[in-house]
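Reviewing the structure listed below.
Numbering (my numbering), first residue to last: 36 to 279.
Below is the structure:
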């Protein structure tokens, strides 16, 4: 079995109140870190310029093992929200969607993408992704360049090969704040979120190994109130959250 695969026994509760006076309905969030990609098999050295790589054989095994472990858990999930990167999409399709453990819809949200700092973080066009994953909802993916690309001319991948760039680290935090707002407006109670470790760490304050999952309960918006004042006791990167 692959190291890091399987269900994380530690379950945490993230408690937050609504931005409104009345309490919002709690949401149960199942964070799932994508499995090992073919890029991860390359050790050290220069960037191999492997754009938007798929899961490796080990990553597919991690998905199968996780699928076995969370089979009963996924039956209650109403929707899966996923990063647009191929490794995340392949991992999500292992247990969500038609004919899988949980036949719930998969919606892609670009706010969950990895920060661009290697070739593997340069994604594929919506047209290519829709052809590869016809059953996934890409309606939130606007434009060919839904990932960070600096100003310039010419094909993105050729430009990256000639002069690689990095997206600022703060971009993860900024996008996670936007995602909390988007999530707050969703009507579903049980949601799966398939993404990378950077996003999971910012949103929950804890890291996950590849192919592992963590369940949290979130009560409404991210501002937790005590005596009418926002509480600032927060885990790293998960703003204004109280963790039990």
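Glycine is no exception: its CB is placed at the ideal position from the N, C-alpha and C atoms.
Can you find the residues in the same chain that come closer than 7 Å, C-beta to C-beta, to residue i, ignoring five residues on each side of it along the sequence?
i           : result
residue 143 : 117, 119, 171, 172, 173, 175, 176
residue 152 : 201, 202
residue 82  : 153, 154, 199
residue 207 : 150, 233, 234, 237
residue 192 : 86, 157
residue 180 : 191
residue 139 : 112, 113, 114, 115, 131
residue 57  : Note that residue 57 has pLDDT 30, beneath the 50 cutoff, so the model's placement of it is unreliable and no number is given.
residue 196 : 84
residue 145 : 119, 175, 176, 181
Could you spell out where the alpha helix (DSSP H) holding residue i opens and where it closes?
i           : result
residue 215 : 205–219
residue 167 : 161–167
residue 157 : Residue 157 -> no alpha helix (DSSP H), and no H or E assigned at all.
residue 234 : 232–239
residue 191 : 191–197
residue 127 : 121–128
Hey, could you find the ends of the beta strand (DSSP E) residue i is sitting in?
i           : result
residue 254 : 248–254
residue 114 : 114–117
residue 143 : 141–143
Below 8 Å CB to CB, which residues in the same chain sit around residue i once its five sequence neighbours on both sides are set aside?
i           : result
residue 226 : 62, 63, 64, 65, 112, 113, 114, 115, 116, 218
residue 223 : 62, 113, 114
residue 242 : 232, 235, 236
residue 187 : 194
residue 80  : none
Once you ignore the five residues that flank residue i on each side, which residues in its own chain have a CB closer than 6 Å to its CB?
i           : result
residue 129 : 98, 102
residue 34  : This structure leaves residue 34 out entirely; the chain is present only between 36 and 279.
residue 159 : 87
residue 147 : 118, 230, 234
residue 165 : 173
residue 122 : 69, 72, 90
residue 6   : In the structure as shown, the chain starts at 36 and stops at 279, and residue 6 therefore has no counterpart that could be examined.
residue 184 : 191
Would you say residue i touches the ligand MN, meaning its beta carbon is less than 7 Å from a heavy atom?
i          : result
residue 85 : Absent from the structure shown: the ligand MN. Ligands present: none.
Measure how close the beta-carbons of residue i and residue j come, nearest whole angstrom, since I'm counting them as under 8 Å.
i           : j           : result
residue 127 : residue 141 : 5 Å
residue 125 : residue 90  : 5 Å
- request: Evaluate contact between the region 86–96 and the region 65–74, counting only Cβ atoms and requiring at least three cross-stretch pairs below 8 Å.
  value: Yes, the region 86–96 is in contact with the region 65–74.
field: beta strand (DSSP E) segments (min. 3 residues) lying fully within the region 67–92
entry: Inside the region 67–92, DSSP marks no whole beta strand (DSSP E) run of 3 or more residues.
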